[in-house]
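Trainee:
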Amino acid sequence: MNWVQVKHAMTSKPGEEITLKGWVRTRRDSKAGLSFINLHDGTCQDPIQVVAPNDLPNYESEIQKLTTGCAIEVEGQLVESQGKGQSVEVKASAIRVVGWVEDPDTYPASAKRHTFEYLREVAHLRPRTNTFGAIARVRHALSMSVHRFFDEREFYYVHTPIITASDAEGAGQMFRVSTLDALNPPKKDDGSIDYDQDFFGKEAHLTVSGQLSVETYCSALSRVYTFGPTFRAENSNTSRHLAEFWMIEPEIAFADLADDAQLAEDMLKYVFKDLLTRRADDMAFFDKRIQPGLIENLSHIVESDFLRLPYTEAVDILQKSGKKFEYKVDWGTDLQSEHERFLTEEHFKRPVILTDYPKGIKAFYMRLNDDEKTVAAMDVLVPGIGEIIGGSQREERLDVLDKRIDEMGLPKDEYWWYRDLRRYGTVPHAGFGLGFERLVQFSTGMGNIRDVIPFPRAPKQAEF
RNA sequence: UCCCCGAUAGCUCAAUUGGUAGAGCGAGCGGCUGUUAACCGCUAGGUCGUAGGUUCGAGUCCUACUCGGGGAGCCA
Numbered sequence: 009m010n011w012v013q014v015k016h017a018m019t020s021k022p023g024e025e026i027t028l029k030g031w032v033r034t035r036r037d038s039k040a041g042l043s044f045i046n047l048h049d050g051t052c053q054d055p056i057q058v059v060a061p062n063d064l065p066n067y068e069s070e071i072q073k074l075t076t077g078c079a080i081e082v083e084g085q086l087v088e089s090q091g092k093g094q095s096v097e098v099k100a101s102a103i104r105v106v107g108w109v110e111d112p113d114t115y116p117a118s119a120k121r122h123t124f125e126y127l128r129e130v131a132h133l134r135p136r137t138n139t140f141g142a143i144a145r146v147r148h149a150l151s152m153s154v155h156r157f158f159d160e161r162e163f164y165y166v167h168t169p170i171i172t173a174s175d176a177e178g179a180g181q182m183f184r185v186s187t188l189d190a191l192n193p194p195k196k197d198d199g200s201i202d203y204d205q206d207f208f209g210k211e212a213h214l215t216v217s218g219q220l221s222v223e224t225y226c227s228a229l230s231r232v233y234t235f236g237p238t239f240r241a242e243n244s245n246t247s248r249h250l251a252e253f254w255m256i257e258p259e260i261a262f263a264d265l266a267d268d269a270q271l272a273e274d275m276l277k278y279v280f281k282d283l284l285t286r287r288a289d290d291m292a293f294f295d296k297r298i299q300p301g302l303i304e305n306l307s308h309i310v311e312s313d314f315l316r317l318p319y320t321e322a323v324d325i326l327q328k329s330g331k332k333f334e335y336k337v338d339w340g341t342d343l344q345s346e347h348e349r350f351l352t353e354e355h356f357k358r359p360v361i362l363t364d365y366p367k368g369i370k371a372f373y374m375r376l377n378d379d380e381k382t383v384a385a386m387d388v389l390v391p392g393i394g395e396i397i398g399g400s401q402r403e404e405r406l407d408v409l410d411k412r413i414d415e416m417g418l419p420k421d422e423y424w425w426y427r428d429l430r431r432y433g434t435v436p437h438a439g440f441g442l443g444f445e446r447l448v449q450f451s452t453g454m455g456n457i458r459d460v461i462p463f464p465r466a467p468k469q470a471e472f
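At position 48 of the first sequence (counting the first as 1) the number is 56 in my numbering, and the numbers step up by one without a gap.
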């Protein structure tokens with residue numbers, strides 16, 4: 009690694025002799041006897057300008073044939089730029105072509121504007137564009153920031169399993185994991201497939217949530233989180249859903265819903281603030297090209313308090329709003345996207361944490377409130393995306409938990425180890441799930457979730 | 001899964017009431033310029049998503065399918 013990254017070259021002092029390696033973004037020739045090459049290596053938003061004089065030995069044979077996407081190595085001196093648009097540039101003393109673009113006419117990621125839909129079809133080349141380079145860097149920054157946030161608060165990062173033999177995570181359709189011959193599976197006497205003969209000796213699936221697993225570690229290490237891939241086999245075709253996505257799930261012991269909501273608010277503010285300073289270049293790009301006002305919105309969120317609002321009061325506000333909704337608002341039914349968006353985008357114009365939902369529309373593990381009608385659940389709603397976090401205080405009382413499992417007709421024996429946590433030193437605890445891609449979406453202003461993950465998996469979409 | 005919209009050159013889009021395809025960008029060549037989404041000229045490039053149907057004739061109308069987009073549901 010005896011060359012300089014573009015981001016470091018950009019901020020170095022003129023006069024230094026440096027070597028750069030990267031890919032050509034554009035080339036412009038000048039009859040003054042030189043060519044301008046914009047070079048990027050993915051380390052920052054802006055490419056660096058390389059000036060290639062025509063006395064280089066390969067000027068006509070190679071340099072004038074460079075097109076977008078070619079990989080080159082440049083030796084030269086960092087100098088103050090004579091032109092406008094950049095403060096420094098590299099006056100090349102040698103340019104070596106590392107890799108040509110074999111047919112520039114059909115190069116799929118040429119230096120022009122492409123639609124995001126098209127770039128999704130060339131997902132192996134789209135990170136070379138300024139938008140997807142920026143997304144990759146922001147994803148990294150947010151990931152590190154999440155880990156930093158929890159580490160600073162002495163949370164332990166727990167690696168929960170990807171494959172689960174429990175069919176009881178209860179958060180949606182699961183992908184089956186099996187080594188049985190799909191064309192000729194072993195059968196039982198009643199004709200059903202005999203999973204006793206499968207790899208794990210029972211049915212297995214890809215996880216839809218690390219929550220139940222991470223609760224076990226919470227009941228021992230007090231403050232934990234998991235951050236890993238999750239899978240939902242739902243036939244969801246929206247700009248907010250993926251079949252494979254990454255989820256951040258903290259779990260805190262000796263805590264209630266208010267503690268949980270505070271943690272969620274603190275975390276979001278922390279990562280937004282971190283992002284605005286660490287990736288100022290990329291955020292300026294998103295603010296200018298993707299969503300004007302983005303930086304101001306995020307800065308505002310960092311400064312403002314998130315509103316806490318019980319579901320029952322939200323229903324009241326919606327019913328009295330005078331706003332025409334496609335779906336009627338009724339206590340006891342879940343709020344529709346239009347309702348959530350009205351609250352966070354129009355009525356309060358800031359993030360809203362809705363709490364205490366009717367028990368009938370929420371999961372079995374959420375703690376029953378004293379009114380016995382609602383549970384200690386919360387959704388964090390943000391403008392533009394809607395629900396970004398879902399969480400709850402967990403039911404720590406075994407008798408109440410059992411009653412809820414029965415009420416919902418769930419298989420109690422499947423939860424034996426989960427129920428054990430309530431039998432052996434149970435404590436009030438709470439946690440939430442944050443969809444990482446939704447966080448990236450919100451942070452960048454990107455409209456479609458398939459554009460904020462390197463290789464999106466969705467119904468009928470698993471190329472690459 | 002449901003509703004609506006779309007699919008034409010490498011990319012982004014045109015094509016009047018059905019009369020057998022055009023532009024811009026990109027690419028190639030040339031010109032011009034310390035250029036920077038450069039600019040100017042010329043050239044090449046298309047069995048109009050797939051399969052049927054209506055018609056003398058279909059990019060255009062009809063049906064099915066595939067894929068893409070927006071919205072809804074499910075949720076993160």
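Beta carbons are placed, not taken as given, at the ideal position from N, Cα and C, and that holds for glycine.
Every value quoted in this text rests on a predicted model; they were computed, and no experiment measured them.
Which partner residues of ILE309 appear in the DSSP bridge assignment?
Mentor: Within the first sequence, residue 309 is the residue found at index 301, counting from 1. Answer is none; ILE309 lacks a bridge partner.
Trainee: Whose C-beta lies closer than 6 Å to the C-beta of TYR164 among residues of the same chain, with five residues either side of it excluded?
Mentor: Taking the first residue of the first sequence as 1, we reach residue 164 at position 156. Closer than 6 Å at Cβ, skipping near neighbours: LEU229, VAL232.
Trainee: How far does the beta strand (DSSP E) with TRP31 in it extend, from its first residue to its last?
Mentor: Within the first sequence, the letter at position 23 stands for residue 31. Taken as a continuous stretch (DSSP letters only), the beta strand (DSSP E) holding TRP31 covers 25-38.
Trainee: Give me the DSSP bridge partner(s) of ASN46.
Mentor: By 1-based counting over the first sequence, the position of residue 46 is 38. Paired residues: THR34, GLN57.
Trainee: So for ILE233, helix, strand or coil by DSSP?
Mentor: Here residue 233 refers to the residue found at position 225 when the first sequence is read from its first residue. Before going on, a small fix: residue 233 reads as Tyr here, not Ile. Note: TYR233 maps to strand in three-state DSSP.
Trainee: Would you check if there are 3 or more beta carbon pairs closer than 8 Å linking the segment 418-429 to the segment 380-397?
Mentor: Result no; under three Cβ-Cβ pairs closer than 8 Å.
Trainee: Where do the ends of the beta strand (DSSP E) carrying LEU409 lie?
Mentor: Looking up residue 409 in the first sequence gives position 401. It is not in any beta strand (DSSP E) - LEU409 instead sits in the alpha helix (DSSP H) that spans 406-415.
Trainee: Any idea if SER43 is buried or exposed, counting beta-carbon neighbours within 10 angstroms, 16 or more meaning buried?
Mentor: Taking the first sequence and counting its residues from 1, one reaches residue 43 at position 35. It counts as buried.
Trainee: Applying the 10 Å Cβ sphere with the 16-neighbour rule, what's the burial state of THR352?
Mentor: In the first sequence, counting from the first residue as 1, residue 352 sits at position 344. With 16 or more other Cβ atoms within 10 Å, it is buried.
Trainee: Under 8 Å: do the segment 135-143 and the segment 271-281 share three or more Cβ pairs, one atom per stretch?
Mentor: Flag = no, the segment 135-143 and the segment 271-281 do not touch.
Trainee: Work out the CA separation of PHE124 and GLU257 for me, nearest whole Å.
Mentor: By 1-based counting over the first sequence, the position of residue 257 is 249. By 1-based counting over the first sequence, the position of residue 124 is 116. Those two C-alpha atoms are separated by around 30 Å.
Trainee: Using the Cβ count rule (16 or more neighbours within 10 Å means buried), how would you classify GLU25?
Mentor: In the first sequence, the residue the question calls residue 25 occupies position 17. Classification of GLU25: exposed, given that the 10 Å Cβ count is below 16.
Trainee: Just to confirm, is the Cβ distance from ASP410 to LYS420 under 8 Å?
Mentor: Within the first sequence, residue 410 is the residue found at index 402, counting from 1. Within the first sequence, residue 420 is the residue found at index 412, counting from 1. Result yes, Cβ atoms of ASP410 and LYS420 sit closer than 8 Å.
Trainee: Tell whether a beta-carbon distance below 8 Å holds between LEU74 and ARG33.
Mentor: By 1-based counting over the first sequence, the position of residue 74 is 66. By 1-based counting over the first sequence, the position of residue 33 is 25. Cβ atoms of LEU74 and ARG33: not closer than 8 Å.
Trainee: When you compare each of ASP289, VAL337, VAL58, TYR365 to ASP37 by their alpha carbons, which one comes out closest?
Mentor: As a position in the first sequence, residue 37 is number 29, starting the count at 1. Among ASP289, VAL337, VAL58, TYR365, the Cα nearest to that of ASP37 is on VAL58.
Trainee: Tell me which residues share the same chain as ARG446 and place their Cβ nearer than 6 Å to its Cβ, disregarding the 5 neighbours each side in the sequence.
Mentor: Mapped onto the first sequence, residue 446 falls at position 438. Result list for ARG446: ILE393, ILE396, in chain order.
Trainee: If contacts are defined as beta-carbon pairs under 8 Å, then THR27 and GLU88 qualify, I think. What distance do you get, rounded to the angstrom?
Mentor: The count along the first sequence starts at 1 and reaches residue 27 at position 19. The count along the first sequence starts at 1 and reaches residue 88 at position 80. The pair is not a contact, with the Cβ atoms about 19 Å apart (cut-off 8 Å).
Trainee: With DSSP as the reference, please indicate the residues paired to VAL390 in a beta bridge.
Mentor: The residue given as residue 390 occupies position 382 in the first sequence. Paired residues: GLY394.
Trainee: Less than 6 Å between C-beta atoms, sequence neighbours within five positions excluded: which residues of the same chain meet that for ALA131?
Mentor: Counting from one through the first sequence, the residue named residue 131 turns up at place 123. Cβ neighbours of ALA131 beyond the five flanking positions: PHE463, PHE472.
Trainee: Determine the extent of the alpha helix (DSSP H) in which SER174 is found, giving its start and end residues.
Mentor: Reading the first sequence from its first residue, position 166 is the one you call residue 174. First-last for SER174: undefined, no H or E at that position.
Trainee: On the three-state DSSP scale, how would you describe GLN270?
Mentor: Working through the first sequence from its first residue, we reach residue 270 at position 262. Correct three-state label for GLN270: helix.
Trainee: Under DSSP, the beta strand (DSSP E) around ALA102 begins and ends at which residues?
Mentor: Within the first sequence, numbered from 1, the residue matching residue 102 stands at position 94. Its beta strand (DSSP E) spans residues 96-107.
Trainee: Is SER89 helix, strand or coil when you go by DSSP?
Mentor: Taking the first sequence and counting its residues from 1, one reaches residue 89 at position 81. Here SER89 sits in coil by DSSP.
Trainee: Looking at VAL360 and TRP339, is the spacing between their C-beta atoms short of 8 Å?
Mentor: Here residue 339 corresponds to residue number 331 of the first sequence, with the count starting at 1. Here residue 360 corresponds to residue number 352 of the first sequence, with the count starting at 1. No, the Cβ-Cβ distance between TRP339 and VAL360 is not below 8 Å.
Trainee: Using C-beta distances below 8 Å, list every residue in its chain close to PRO65, excluding the 5 sequence neighbours before and after it, in chain order.
Mentor: One-based indexing of the first sequence puts residue 65 at position 57. Once the five neighbours on either side are set aside, PRO65 has no close Cβ partner at all.
Trainee: From the DSSP output, read off the bridge partner residues of LYS3.
Mentor: Not covered by the structure: residue 3. The range shown for the chain is 9 to 472.
Trainee: Looking at the unbroken alpha helix (DSSP H) that takes in TRP339, where does it start and where does it end?
Mentor: The residue labelled residue 339 in the question sits at position 331 within the first sequence. Counting along the chain, TRP339 falls outside any alpha helix (DSSP H), and DSSP gives it neither H nor E.
Trainee: If LEU306 sits next to SER451, beta carbons under 8 Å apart, how far is it from one beta carbon to the other, in whole angstroms?
Mentor: Reading the first sequence from its first residue, position 298 is the one you call residue 306. Reading the first sequence from its first residue, position 443 is the one you call residue 451. That belief holds up - the Cβ atoms of LEU306 and SER451 are roughly 7 Å apart, short of 8 Å.
Trainee: Between the alpha carbons of ALA385 and CYS226, how many angstroms are there, rounded?
Mentor: Taking the first sequence and counting its residues from 1, one reaches residue 385 at position 377. Taking the first sequence and counting its residues from 1, one reaches residue 226 at position 218. When rounded, the distance between both Cα atoms is 18 Å.
Trainee: Considering TRP11, what are the terminal residues of the alpha helix (DSSP H) in which it resides?
Mentor: Here residue 11 refers to the residue found at position 3 of the first sequence. Here TRP11 belongs to no alpha helix (DSSP H), and DSSP marks it neither H nor E.
Trainee: In the structure shown, what three-state DSSP assignment does ILE457 receive?
Mentor: The residue you call residue 457 lines up with position 449 of the first sequence. Three-state result, ILE457: helix.
Trainee: Return the CA-CA distance between ALA251 and LYS468, expressed in angstroms with no decimal places.
Mentor: Here residue 251 refers to the residue found at position 243 when the first sequence is read from its first residue. Here residue 468 refers to the residue found at position 460 when the first sequence is read from its first residue. Their backbone Cα atoms lie some 10 Å apart in a straight line.
Trainee: Can you find the residues in the same chain that come closer than 8 Å, C-beta to C-beta, to THR51, ignoring five residues on each side of it along the sequence?
Mentor: If you number the first sequence from 1, residue 51 lands on position 43. Answer for THR51: GLN13, VAL14, LYS15, HIS16, listed in chain order.
Trainee: Can you tell me whether DSSP reads GLY141 as helix, strand or coil?
Mentor: The count along the first sequence starts at 1 and reaches residue 141 at position 133. Residue state, collapsed to three classes: helix.
Trainee: What are the residues that DSSP puts in a beta bridge with HIS122?
Mentor: For the purposes of this step, residue 122 is taken as residue 114 along the first sequence, with counting starting at 1. Beta-bridge pairing links HIS122 to no other residue.
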